[in-house]
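Chains as they are written, first to last, in the numbering used here: chain R, 24 to 277; chain E, 4 to 156. From the three backbone atoms N, C-alpha and C, an ideal C-beta is built for every residue, glycine too. See structure below.
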Amino acid sequence: MQLTIDDKQVTAEQGQTLLEVARAHDIPIPTLCYHESLEARGSCRLCLVEIRKPKWPGWKRLVASCVYPAEEGLEVRTATEEIVGIRKTLIDLLLARCPKNPEIVELARAYGIEQTSYAVLDATRQCILCGQCVRVCEDIIGASAIGMYGRGAGKKVGPAYGKAAETCIGCGACAFVCPTRCIQVIDEGLTRRIPRWNVEFELVPCRICGKPVSTRKHIDFVRGRVSAGPEVLETCSDCLRAYYGAKVAAEGHM
Amino acid sequence: MSSVHVNRIIDRHGAERASLIPVLQDIQDDYNWISEPHLRQVADRLGLPLSEVYGVASFYRALSLEPRGKTLIRVCKGTACHVRGAQLIQEELERQLGIQAGGTTEDMAYTLEVVNCVGACGMAPVVIVGDKYFPGVKPHRAKKLVQTERDEE
């Protein structure tokens, strides 16, 4: 199907969202709560765009592009004065929540905001409560070790009762998807700590080079789901690549 | 050491995801709060992650994760009640009970809570004792609310 984004004619496939179409055509739309491996939720609202339809003159709507499906003939604008104004307000509020988070500070600078115009209640906060860590843990990993607790201004993300996340396997997917990089995964020797979830794990060394592969709990978790032995699961990706590379070179196949 | 009573509640609603809220409500009704072992039992029996059950239980104001007194006294401090003196009522009740809002008396008889609107603005200021609504409460009558409640027992 055909539609226009910022006056540019673009082609989209049925089921693609406006954000996906825009990104496929190198049209930038800022996002925080979007990650390609997760189902979009439209919670940060930064990806707001304006849509118009030629058959409805004068009609327009602001929608979250990460959840709005592409439609034939739609006219999309990604950075009108109104949209940029709303984005600035959103970013200003995020900056009030996380005034020292480098990712948020950088985003704010890009929109010409050096300092928040709202009251800062707690300058140490780094989390914007987008929920990506909770979703990746539940939907992709299947561990459901962390959740969103409470409501409104007191909402928090973390393990139940603020204790250690019992079902956490230490895979680090939460840190990987976090848009503000506020979940630390600290590897020291053969120990991994994720202080935010109050957990500590034993790391398994690579059978070939000795470099840590992942946590024992993560490897056990994966073992239950795939038909691969320790020669694969307890070997680091570099050594696996070298092994299979050499095998393909010698035998012409895996 | 799972609770037989909690198991009975779960059996009544069916051990499935959709029963989560009714089960938590019944536990709240019978114990006045939801303890950690009870919450874990619900998660286990319904086959849900503890993180999800805790998320639901911590979201609703009607569910408490802290022990609550036998009788819950709620002072409405929505806009209408606030302008008609809810603050004075709250202070009087705090003095009478010897606790702060959000607290529970040592004998576990009362929990005092401030709520944001109970949808009864025409009767402002409103105090709810247990399941009884008291309209147009004056600070000096707030004293009586507690006494009447104590006398009835």
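Along chain E, which residues have their Cβ under 9 Å away from the Cβ of residue i?
i: S88/R; result: Within 9 Å Cβ-Cβ: nothing; S88/R doesn't reach chain E, min ~28 Å.
Chain R partners of residue i, CB-CB under 9 Å?
i: L49/E; result: Residues of chain R passing the Cβ test: none, with the nearest at roughly 13 Å.
Taking Cβ-Cβ distances shorter than 8 Å, what residues in chain E pair up with residue i?
i: S189/R; result: For the sequence presented, residue 189/R should be read as Glu rather than Ser. Correct list: L53.
i: P182/R; result: S54
Given that residue i touches chain R, what residues does it touch there, using C-beta distances under 8 Å?
i: F62/E; result: Y172, G173 and R174
Going by beta-carbon coordinates alone, are residue i and residue j separated by less than 7 Å?
i: E73/R; j: T103/R; result: yes
i: I206/R; j: C194/R; result: no
i: L96/E; j: L115/E; result: yes
i: L152/R; j: K178/R; result: yes
i: V140/E; j: P128/E; result: yes
i: A35/R; j: A87/R; result: no
i: Y63/E; j: A183/R; result: no
i: S54/E; j: S167/R; result: yes
i: P77/R; j: G96/R; result: yes
i: S61/E; j: G175/R; result: no
i: G170/R; j: V157/R; result: yes
i: V132/E; j: Q99/E; result: no
i: G72/E; j: M111/E; result: yes
Which residues in the same chain as residue i place their Cβ atom closer than 8 Å to its Cβ, once the five residues preceding and following it in sequence are excluded?
i: D29/R; result: I50, V99, R100, T101 and A102
i: S60/R; result: V159, I163 and V200
i: H41/E; result: S6, V9, I30 and Y34
i: P52/E; result: A46
i: S22/E; result: I13, H16 and L49
i: T258/R; result: C229, R230, I231, V236 and Y266
i: A65/E; result: Q28 and Q31
i: D115/R; result: A131, I136, T139, S140 and Y141
i: R219/R; result: G181, C205, I206 and Q207
At 7 Å on the CB atoms, spell out the chain E contacts of residue i, in chain order.
i: A168/R; result: S54
Please go through the same chain and pick out, in chain order, the residues whose beta-carbon is closer than 6 Å to the beta-carbon of residue i, but skip the five residues on each side of it.
i: C120/E; result: G81
i: S260/R; result: none
i: E223/R; result: R216
By Cβ distance, which residues of its chain are closer than 7 Å to residue i, with the 5 residues on each side in sequence left out?
i: E3/E; result: Any answer about residue 3/E is impossible in this case: the structure gives chain E only from 4 up to 156.
i: C89/R; result: T40, L42, T54, Y57, A63, G65 and C70
i: G213/R; result: What sits at residue 213/R in the sequence shown is Leu, not Gly. Closer than 7 Å at Cβ, skipping near neighbours: E225, L226, P228 and P235.
i: R148/R; result: R120 and C121
i: A89/E; result: V78, C79, K80 and P128
i: A45/R; result: I28, I52, S88 and T101
Interface residues of chain R around residue i at Cβ under 7 Å?
i: G58/E; result: G170, M171 and Y172
Name the residues in the region 24-50 of chain E whose C-beta lies less than 7 Å from a C-beta of chain R; which are they? So the close ones are E39.
Please list, in chain order, the residues of the region 101-113 of chain R that have any C-beta partner in chain E closer than 9 Å. The region 101-113 of chain R vs chain E, Cβ under 9 Å: nothing.
Continuous alpha helix (DSSP H) assignments of at least 4 residues falling wholly in the region 114-138 of chain R: Taking only runs of at least 4 residues, the alpha helix (DSSP H) segments lying wholly in the region 114-138 of chain R are 125-133.
Curious, which full-length alpha helix (DSSP H) runs of at least 4 residues does the region 136-213 of chain R contain? The region 136-213 of chain R contains, as complete alpha helix (DSSP H) runs of 4+ residues, the segments 155-158 and 196-200 (chain order).
Ranges of the beta strand (DSSP E) found wholly within the region 32-114 of chain E, counting only runs of at least 3: Every beta strand (DSSP E) stretch that sits fully inside the region 32-114 of chain E and reaches 3 residues is listed by chain position as 74-79.
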